[in-house]
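J.: First residue of the sequence shown? That's 73 in our numbering, and the numbers climb one at a time after it.
Note that CB positions come from ideal geometry on N, CA and C, so glycine has one too.
None of these values were measured; they are calculated from a predicted model.
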Amino acid sequence: MSPDLKGKDVVLKVPAMPAYLDTIRLVLYGTAAQMGFSYEAIEDMKVAVTEACTHALLQLEPGKAGELRLTLERSRQELRMRIQHEGEPVTYGKLGAGAGLQDGASAVPFPNVMPGLPPETEGLGLFLMQSLVDEVTVLKLEGGAEEVVLCKRRE
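#1: With 16 other CB atoms within 10 Å as the buried threshold, where does M117 fall?
#2: Per DSSP, what kind of secondary structure is P228 in: helix, strand or coil?
#3: With DSSP run on the structure shown, which of helix, strand or coil describes K118?
#4: Suppose the cutoff is 7 Å on Cβ atoms and the five residues either side in sequence are ignored; what does the same chain contact list for T143 look like?
#5: Can we say the segment 113 to 133 touches the segment 83 to 98, given the rule of at least three CB pairs closer than 8 Å?
#6: Buried or exposed for V220, please, with buried defined as at least 16 other CB atoms from any protein chain shown within 10 angstroms of its CB.
#7: Spell out the partners DSSP gives P87 in its beta bridges.
#8: In terms of alpha-carbon separation, which member of L222, G135 and E218 lies closest to Q202?
#9: Is it buried or exposed for R148, if we count other Cβ within 10 angstroms and need 16 for buried?
And the structure:
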């Protein structure tokens, strides 16, 4: 990667809808390929980012408008991928007690809690992300939102 790309982030904002995940993956692919990552590393990053985006989509109130924001921070040694949702987060109380979730809790925590899934599947997305990239960090933001930060270092 040429030194003039350092510090020049790639930022993509799309509607918070699964149909836009392909666009996110294409932008990630182009950026990672430009940086010289291997095909295998790029595929790992695409899966990890898709998991993080899916988590973000599940955090949003169904039927409400929102956005997904992907920020790709490039440096000579690594690609840092930040996935954030903008919109009203789901709360346990909004999902309802009928779904087997507790009323009164704030936001759906990472890992995902989805009605109907067995408890042993909770957190599999997080473990998958951790196995595919070098670092995974989940940051709590104002208003109950979260930002998932993934980092992949060049080999």
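T.: A quick look at the data gives this:
#1: buried
#2: The structure shown does not extend to residue 228, since the chain spans only 73 to 227, so no value can be given for it.
#3: helix
#4: D81, V83 and R154
#5: Result yes; three or more Cβ-Cβ pairs closer than 8 Å.
#6: V220 is buried by the Cβ-count criterion.
#7: In the DSSP assignment, P87 forms a beta bridge with E139.
#8: Nearest C-alpha to Q202: L222.
#9: exposed
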